[in-house]
Amino acid sequence: MSKKRTGVFVCHCGTNIAATVDVAKVAREMAAENTVAFTQEYVYMCSEPGQESVVQAIKDNKLDSIVVTCCSPNLHEKTFRDNAQRAGINNFTCEIANIREQCSWVHADKAKGTEKAIKISRSVVRRVNRNQPMDAIAVSVTRRAMVIGGGIAGIQAALDIANAGIEVILVEKQATIGGRMLQLSETFPTLDCSQCVLSPKMVEVKRHPKVKLMTYSEVQEVSGSVGNFRVKVHKRSTFVDPDKCKICDHCTEVCPVVVPNEYELGLTARRAIYIPYAQAIPASFTLDEDACLGLNPIRCGKCKDVCEAGAIDYDMRPQTVTEDVGAIVVATGFDLYGPENMPELGGGRVEDVLDGLQFERLISASGATKGHILRPSDHKEPKEVVFIQCAGSRDPAKHCAYCSKICCMYTAKHARLYKKHVPDGRAYVFYIDIRSGGKGYEEFVQRTMEDDDTLYLRGRVSKLYRKDGKVRVHGTDTLTGQNVEIDADMVVLALAMTPSKGTAEIAKTLKIGRDKDGFLAEAHPKLRPVESVTGGIYLAGAAQAPKDIPETVAQAGAAASKVIALLSQATLSRSPLIAKVRPSHCTGCGMCVEACPFFAIRLENGKAIVNEALCEGCGSCSATCLRAAIDVKNVTQMQIHEMIEACLA
Amino acid sequence: MSEQQDYEPRVVAFLCKWCSSAGSDLAGVSRIQYPANATPITVPCTGAISPMYILSAFNKGADGVLVSGCHIGDCHYLEGNYLARRKMYLIMKLLEFIGVEQNRFRMSWVSAAEGAKFAQVITDFVGDLQQLGPQDKLKRAENK
Amino acid sequence: MIKLQDIRDTARDMLAKGEARAVIGYRRGSRGMLAEPAFLTRPEEADELVWDPTCFHNLSLYLVHDRKHLAHARKTAGAPVAVIAKGCDARSIVVLLQEHYFQREDVYIIGVSCEGTGVVDERKLAGHLNGAQAISAAFDGDDFVFTTAEGEKRLPAREVMADRCLECCSPFPKEHNLAFGEDKTGRQLEAPFAALDRFEAQGAGERWDNWARHFDRCIRCFACRSVCPMCYCDECVVDSITFPVTTATTAEEKASRIRWIERSAARSENITYLMTRAMHLAGRCTDCGECDRACPVNVPIRLLNNKMEKEAREQFGFEPGASIGGPSLVASFLDNDPGNFIR
Amino acid sequence: MEKILDKKRLGDWVDALADYEVLAPAWEEDAWGYQPVNGPIRLDHPNTKQSPKRLAFPQREVFFTFEQIKGEAPRLTQTLPEAPRHAVFGVRPCDGRGVPRMDQVFNDYVEDVYYNTRRKNVAYVGLACNKPPNANCFCLSVGGSPVSTDGLDVQMTDLGDRYFVKAVTETGKALMTAAAGVFAEPSAADKKQLKDMHAAAVAYPQRAVNDPDGAPAKLKANFKSPLWDELARACIGCGICTFLCPTCHCFDINDEVQSKAPLKGQRVRTWDNCQFPDFTMHSSGHNPREGTGARLRQRVSHKFQYFHENFGMHQCTGCGRCITECPVGIDIIHVVNKVAANAA
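Top to bottom, those sequences are chains A, B, C and D. Residues in the first sequence are numbered from 56 upward in steps of one, following this note's numbering. Residues in the second sequence are numbered from 17 upward in steps of one, following this note's numbering. Residues in the third sequence are numbered from 584 upward in steps of one, following this note's numbering. Residues in the fourth sequence are numbered from 25 upward in steps of one, following this note's numbering.
Printed below as a string of structure tokens:
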């Protein structure tokens with residue numbers, strides 16, 4: 056092995072580093088390292104002349120590796136690695152020693168700062184000594200995508216991807232796509248009809264040659280990694296052939312079973328065989344296996360008897376379909392925070408206390424009351440309605456700490472729609488703050504507030520209960536400092552948005568992270584807001600955080616464009632900094648196999664083998680191996696050992 | 017005691033690349049001052065930290081060893097910090113068992129957004145180590 | 584109560600029928616009462632087998648030797664090796680199987696239950712014999728019977744048993760092909776971890792003083808490691824040159840030998856060695872106690888391993904060697920693992 | 025020089041040896057070991073767990089320190105041990121006989137300055153064995169005796185309430201002269217009692233190597249015998265037998281690097297052991313003593329053949345430590361007898 060020739064480039068960063076670190080001393084100390092053949096200081100190493108001098112020095116001094124002691128590698132690691140490559144050496148033989156963020160900016164004492172900078176630099180020099188040159192790994196790409204969740208986010212993402220000519224599979228858990236948006240009546244701030252906007256998109260999904268729609272289906276298992284996922288989808292049986300079903304409705308007329316209608320949030324009932332909405336896509340009835348008397352023609356079989364189209368097939372079986380895709384968009388949406396968690400607001404047990412979505416169904420022309428506002432208990436028109444914002448939101452002590460973002464807007468919309476339907480009614484809105492950032496939003500809220508019959512009360516509701524056929528609401532108006540008591544005909548809670556049920560499971564299946572509130576975690580809050588931490592998996596809609604429709608559509612489009620960009624490449628390059636087995640040391644105990652979060656290691660002939668396409672280079676294997684038989688390339692135990700030594704020298 | 021004030025503990029801080037190292041960057045960007053005693057070694061994940069590193073750092077003369085990574089649930093590699101939590105618990109208990117002062121080993125979760133917490137963790141740790149004085153239990157004698 | 588003849592008959596039969604390549608058991612050694620490991624290959628040797636309170640050895644170690652020997656000779660296993668295993672020994676075999684060190688069909692486990700007793704602690708025995716030399720030792724119910732020049736001496740097993748046996752609740756080898764003796768799983772002669780708890784009751788300062796003394800005594804003979812079936816690595820963190828070198832080993836590989844610990848028997852190095860060993864045995868040590876017994880300078884190594892075992896059990900609900908398909912301690916985790924030590 | 029020492033005055037003698045650090049066996053952690061004396065000493069140990077060889081041949085010896093600044097020539101500084109003068113009490117005859125054997129090894133081809141520096145500062149005050157021997161004692165069959173003075177500077181014999189103290193070497197005389205006042209002249213009865221006791225000591229039955237004189241030839245003839253593998257089947261390859269042995273002297277040399285830049289460190293000698301699998305491991309991966317059989321043969325043949333061929337005496341002094349302490353029952357007496365009985 057020929058002798059290492061490392062160059063060390065010490066950046067002053069103007070005075071950012073030089074003010075608290077004696078840069079000349081750092082350079083001197085590094086020159087004393089056996090492997091260091093060249094050192095240089097410069098006022099701004101990342102400037103054009105700085106970068107040129109690095110390239111020149113590598114060439115002139117026949118350096119085989121470099122260390123740049125400067126700012127965080129997050130900023131300029133790529134810059135200097137590119138320079139290394141430009142100078143003809145491997146980019147992985149360039150490392151950054153962070154002596155700015157981790158040193159000069161946080162220490163005032165120059166002597167101590169210099170000492171620490173030397174330790175940091177020396178440890179990186181020692182590390183670089185054992186860095187292996189390597190090339191990025193090329194992986195072929197499966198040019199198909201999957202979108203999980205058929206709400207507006209999933210629909211938009213699927214259409215955008217499909218319109219780019221990429222085949223996309225849209226997987227929806229429910230019997231129809233459309234999601235939450237399909238349940239809404241009108242949308243703020245324009246008050247246009249939600250279903251009218253959405254239906255054409257749903258139909259487009261159905262008809263698009265590049266979209267494969269799988270409703271009543273759930274993702275069961277995901278393996279592989281970016282560019283090459285293999286997804287197992289479980290498709291439940293609907294017992295109705297959508298191609299034959301004429302949606303004539305004869306079956307529901309004879310079905311003897313009545314169950315609450317989950318699509319109407321329990322406000323109405325449906326039969327065991329049903330269609331969620333008139334606009335459902337696929338436009339077909341679904342037989343609810345759990346409610347049906349038993350799929351047994353001897354016991355019932357009435358629906359099959361009346362079905363002239365012969366669409367009903369009691370022998371239809373669930374299927375598991377395996378799909379290979381290169382990228383996945385997760386758009387699993389939201390649920391409302393359970394009112395049972397809030398005894399102070401009735402705990403979900405007080406009659407005529409609805410949640411926002413129920414209210415949407417109540418005012419929807421397609422809803423149970425055909426758009427007439429009638430309260431559930433006695434089907435009378437409510438004359439006094441209390442809207443309660445932040446029900447479960449912004450309450451770190453008891454409920455959700457975060458702001459659900461859309462409640463201010465939709466409550467204003469609710470109040471407006473209420474007044475439209477019940478002109479002589481009176482609406483009260485309890486709020487903490489009004490947050491109405493968005494195009495036309497503030498104006499919308501202001502218009503609502505200006506209505507004399509809509510009273511905005513700043514404060515929280517302390518309790519509510521049923522009294523004399525009404526709901527008594529106790530609250531405080533913090534602006535006047537007075538307690539308020541309202542006997543309302545109806546109360547509408549703007550419940551917090553939570554990740555939809557099953558988000559935890561899907562996150563686990565996909566091996567993507569969640570944030571502290573359970574929403575899917577983006578890779579970077581600012582710079583990578585639509586990417587999950589796992590390569591090739593993208594996020595859209597309220598599954599990632601509470602958001603409104605325009606934002607959701609925008610994020611879905613962004614996710615789709617990420618997918619399109621990814622799948623437009625013939626091959627992907629992956630970081631080569633992955634695990635490597637030393638077979639001579641491996642005893643095949645399998646502890647690394649067990650520890651690997653990515654199922655990237657298997658045993659073959661008594662030795663561990665790393666699947667390069669799956670390994671993410673986390674090093675869990677290396678720390679678990681008792682024999683140092685597996686290491687992450689360029690972060691080997693040997694390198695860490697020498698870095699520890701350098702830190703303590 | 018003036019002697020104790022002069023004493024500067026030597027700390028090796030193993031930081032995961034995604035959270036705590038980024039958190040320390042944020043402390044830097046925010047110019048939050050903290051003692052210069054801890055030299056960071058950035059690793060991909062706390063899950064990559066072998067207990068051997070901890071022992072080795074003490075053996076090579078560290079007065080304290082810090083392991084810092086992503087909060088549970090935030091691991092870039094999903095499970096690395098869970099694995100680390102168990103391993104580090106065991107090594108911590110073992111150190112404690114042979115009579116090494118509890119405060120010589122510390123583990124913390126510092127996210128990329130917790131620059132101030134990072135500075136606080138280092139400040140507290142160095143403060144505690146200053147109380148303890150030099151670590152000579154596992155330290156290799158230079159001349160014997 | 585185990586009849587020695589049954590064990591001998593089994594061994595003889597297996598060897599005669601070729602059902603086992605060898606039987607690893609215990610026989611009387613050449614130095615007084617102590618048993619020693621026996622490697623039988625011929626049926627007529629079966630009568631050499633003994634079963635008495637000096638059958639300390641964890642014979643699963645020799646399954647490891649056997650596999651190393653086969654690997655070196657590039658031979659395949661063929662018929663299984665039969666091995667006599669106590670409860671703790673059988674758990675060691677389970678750990679080795681978990682770690683795929685050999686296959687289940689390569690070993691025939693002749694389990695022997697320690698029933699209500701265990702193995703003798705020579706140091707405790709010496710105290711009871713007042714200088715007399717025991718010539719033989721035998722089980723008799725819950726007693727041990729020793730013969731000395733002055734005649735027979737009967738002692739309640741509990742008084743002269745090794746600590747590990749007193750604290751053992753699983754004296755029956757659950758994993759076995761054939762087992763002798765009563766299954767007394769759950770028996771309790773002394774609380775588990777009693778010796779450890781006594782040690783831990785001391786303050787940190789006292790614990791350190793004790794360990795410093797112990798670590799100073801270590802002569803790095805590596806008997807603890809050599810006698811341990813779990814220490815099957817070809818290369819140990821403390822070795823400077825035990826490197827599994829083959830003709831294919833590259834110079835770079837030879838050069839990348841991490842010297843975590845120096846070979847000098849200095850306190851710091853001894854500590855680092857023994858702590859590393861304890862970490863590496865966490866979740867793998869089945870408390871056979873051989874390291875502790877073998878140590879010529881009486882370093883209480885068992886306490887270190889015991890400490891890990893106790894933490895594993897109490898904090899992670901983990902039992903080493905419980906089942907072949909079970910998880911390994913440090914390669915797995917639970918969502919509710921303790922985390923309140925983390926700031 | 026022969027004297028009588030009242031047991032009560034043993035402490036006075038020790039106190040008078042102000043020029044020495046005095047060591048004596050003490051009971052610690054369930055075992056006897058040599059400890060610096062502070063307080064009363066009692067010499068009633070059977071034998072110590074470890075032999076006193078480490079006084080002249082410590083487990084770790086620094087040969088020199090090295091330092092190299094980048095671009096300069098390395099600088100080496102020899103470090104001779106600063107060995108205090110030791111007087112070690114209670115040395116049993118078998119361990120005493122280890123001393124000349126070690127002297128032989130470290131002065132045969134090359135005079136080992138590190139060993140000799142320490143060795144010349146150690147005075148061995150022996151204690152004859154006059155009680156029935158330990159189970160694995162076999163000094164008589166290897167040419168020793170419970171009352172041997174070989175290698176000792178002083179021999180003490182326990183006569184009940186007093187010791188018979190005999191100077192064997194000039195060093196021994198000096199030790200006794202340093203505290204002339206504590207000793208009395210032996211009477212004829214004392215001498216008779218000594219003689220009787222010594223006679224009784226050698227008469228106690230011991231285990232024995234059957235044909236020590238024939239051993240070298242027999243071992244040589246059985247070099248290739250499969251018996252070795254059989255006898256070593258249980259061997260676990262630890263270092264107990266050799267590290268406790270009073271005459272094993274193999275060592276390894278390592279550089280302990282303290283700092284890489286500038287390069288700084290020490291070259292040290294540490295005990296090594298022919299039973300470790302890596303003892304003869306070549307850097308190529310070849311190991312001439314691959315199995316436990318070959319390694320056991322090395323140890324036993326060194327004791328009973330090679331040393332004899334080189335120096336005309338058996339290296340083994342019959343202390344029995346390797347037998348008693350072996351965790352798996354490997355018994356050098358049994359091995360020698362078994363191999364010698366084998367018709368090669």
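No residue lacks a Cβ here, since even glycine has one placed at the ideal position from N, Cα and C.
Proximity test, Cβ basis, 9 Å: Ile824 of chain C and chain A: With a pLDDT of 49 at Ile824 of chain C, under the threshold of 50, the modelled position of this residue cannot be trusted; read the value that follows with caution. Cβ-Cβ to chain A under 9 Å: no for Ile824 of chain C.
Per-residue DSSP class, three states only, for Glu96 of chain A: strand
Pairwise C-alpha distance: Ala795 of chain C and Ala745 of chain C: 24 Å
Any chain A beta carbon closer than 9 Å to Leu176 of chain D: no
Close-in-space but distant-in-sequence residues of the same chain around Asn853 of chain C (CB under 8 Å, 5 per side omitted): Phe798, Asp799, Cys801 and Arg803
Spatial distance of Gly724 of chain C from Ser165 of chain D (CA atoms): 42 Å
Test: Val678 of chain C CB closer than 9 Å to a CB of chain B: no
Selection from A:Tyr271, A:Ile418 and A:Ala142 that minimises the alpha carbon distance to Gln111 of chain A: A:Ala142
Alpha carbon of Val98 of chain A to alpha carbon of Thr242 of chain A, nearest angstrom: 56 Å
Cut-off 7 Å between Cβ atoms - residues of its own chain near Gln259 of chain A, not counting five sequence neighbours on either side: First, the amino acid is wrong: residue 259 of chain A is Glu here, not Gln. Only Leu214 meet the Cβ criterion.
Reduced DSSP secondary structure (H/G/I, E/B, other) of Val180 of chain A: helix
Neighbouring residues, chain D, relative to Gly615 of chain C (Cβ below 7 Å): Ala159
Simplified DSSP assignment, three categories, for Ser124 of chain B: strand
Candidates A:Asn89, A:Asp479 and A:Ala166: closest to Glu436 of chain A by CA position: A:Asp479
Burial state of Thr169 of chain A (16 or more Cβ within 10 Å): buried
Within chain A, partners of Pro286 of chain D - CB distance below 8 Å: Ala87
Asn159 of chain B (DSSP reduced to helix, strand or coil): The predicted position of Asn159 of chain B is uncertain, since its pLDDT is 43 and thus under 50; a value taken from the coordinates is nonetheless stated next. Looking at Asn159 of chain B - three-state DSSP - the assignment turns out to be coil, as it is neither helix nor strand.
Residues that Lys94 of chain D contacts on chain A, provided the C-beta gap is smaller than 7 Å: Ala87 and Asn89
Ser308 of chain D at chain A interface by Cβ criterion, 9 Å: no
Spatial distance of Val295 of chain A from Tyr318 of chain A (CA atoms): 19 Å
Three-state class that DSSP yields for Asn366 of chain D in the structure shown: coil
Cutoff 9 Å: Ser75 of chain D Cβ touching any chain A Cβ: no
Where Asp723 of chain C sits in the DSSP three-state scheme: strand
Closer than 9 Å to chain C by CB, Glu130 of chain B: no
Extent of the continuous alpha helix (DSSP H) run through Val411 of chain D: The structure shown has nothing for residue 411 of chain D, since chain D only spans 25 to 368.
Per-residue contacts from Ala704 of chain A into chain D (C-beta, under 7 Å): Ser283
Asp360 of chain A beta carbon less than 9 Å from that of Arg521 of chain A: no
Residues within the region 249-276 of chain D neighbouring chain C, beta-carbon criterion of under 7 Å: Arg257, Ala258, Ile260, Gly261, Cys262, Gly263, Ile264, Phe267, Leu268 and Asp276
Within chain F, the residues that Gln716 of chain C reaches when beta carbons sit closer than 7 Å: This model lacks chain F altogether, as its protein chains are A, B, C and D.
Cβ-Cβ distance between Tyr329 of chain A and Asp345 of chain A below 9 Å: no
Helix, strand or coil at Gln20 of chain B according to DSSP, with G and I counted as helix: Unreliable positioning characterises Gln20 of chain B in this predicted model, as indicated by a pLDDT of 49, which lies under 50. The coordinate reading is nonetheless provided below. Helix at Gln20 of chain B.
Close beta carbons around Gln610 of chain A, own chain, < 8 Å, minus the five adjacent residues each side: Ala208, Pro584, Val585, Leu594, Ala595, Gly596, Gln599 and Lys602
Close beta carbons around Gly196 of chain D, own chain, < 6 Å, minus the five adjacent residues each side: Asp177 and Val178
Endpoints, alpha helix (DSSP H) assigned at Asn793 of chain C: Ala787 to Arg800
Span separating the alpha-carbon of Lys267 of chain A from that of Pro652 of chain A: 31 Å
Rounded Cβ spacing between Lys73 of chain D and Pro270 of chain D (contact assumed at less than 8 Å): Rounded, the Cβ-Cβ distance is 12 Å, inconsistent with contact.
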